[in-house]
Amino acid sequence: MVSETSTSKATILVVEDEQVIASAVAQRLTAEGWRVEVARDGLTAVDAAARIQPDAIVLDVMLPGIDGLEVTRRIQAERPVPILMLTARDDETDMLIGLGIGADDYMTKPFSMRELVARLKALLRRVERTQQATVAAPSEPPLMMGDLVIDKAQRRVHRAGVEAHLTPTEFELLVMLSSSPKTVLTREQLLAEVWDWADASGTRTVDSHIKALRRKLGSDMIRTVHGVGYAFEPPTHAMVEPA
């Protein structure tokens, strides 16, 4: 979609009904050299995404017409695209739903424009990295651990014979954790490797994605090491449903 050398030519769709915020975000992203289009409601956003085929989307959750969650469902059903959600509420339920249906990241208002730009750049780099990894390992055999099967070539995951539909970020997080079984990985390590962030400002993002993974794959597979991070525990038995 977007290579490391062409991120400055990326097309970004900004979906925000508050004019002041939409204008400020559009101006900042344009200053970065990106092509920017703004949509002010959910239905317009869905149409714009189909028309301009953006490389990434900045999407407010609270929108007139259909909300950002429904916008995400409709857009991702047509074509996978990185989505960074904006929410005025620090509501973990909204965050988990958004991550579960295809959003890659979220920020809570008010937010830093500098951090928004940094996260968008990281999203674009991850898209390129994912494409390269898929091409580089077309014949890599699936990884099988107990009743868990991770197919890197096809980017598919099955647990107890049932496919788990993971977002691109969830898949990369699972691969990262499972590549070092029983080893504790800090939130900072996961942010650096999966999100490509150089600082630790998004540790809650890691926690939210872990919760989303547990909801889809069971609570027995990822162990929390309080105050440190997470460790992957290879499953040896049937799935344990999260509490």
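Heads up: the sequence shown at position 77 corresponds to 339 in my numbering, and the numbers run straight through without jumps.
Glycine included, C-beta positions come from ideal geometry on N, C-alpha and C.
Just so we're clear, the structure is a prediction, and the values are computed from it rather than from any experiment.
Which listed residue (the options) has its alpha carbon closest to that of residue i
i	options	result
residue 326	340, 285, 280 and 335	280
residue 415	434, 409, 408 and 422	434
residue 319	286, 366 and 293	366
residue 378	473, 459 and 472	459
residue 358	478, 497 and 493	478
residue 450	417, 492, 422 and 427	492
residue 422	480, 316 and 329	480
residue 317	383, 469, 474 and 330	383
residue 328	293, 278 and 340	278
residue 364	412, 442, 306 and 427	427
Coil, strand or helix - residue i by DSSP
i	result
residue 337	helix
residue 493	strand
residue 302	coil
residue 328	coil
residue 283	helix
residue 278	coil
residue 385	helix
residue 310	helix
residue 406	strand
Distance CB(residue i)-CB(residue j) smaller than 8 Å
i	j	result
residue 348	residue 389	no
residue 304	residue 333	yes
residue 387	residue 369	no
residue 471	residue 432	yes
residue 321	residue 345	yes
residue 410	residue 497	yes
residue 337	residue 298	no
residue 436	residue 447	no
residue 312	residue 296	no
residue 291	residue 274	yes
residue 288	residue 300	yes
Presumed contact (8 Å Cβ cut-off) between residue i and residue j, rounded CB distance
i	j	result
residue 342	residue 403	Contact doesn't hold; Cβ gap of about 24 Å is too wide.
residue 330	residue 474	In fact, because the Cβ distance is near 16 Å, the residues do not count as touching under 8 Å.
Inter-stretch contact at 8 Å, needing at least 3 Cβ pairs: the region 484-494 / the region 372-386: no
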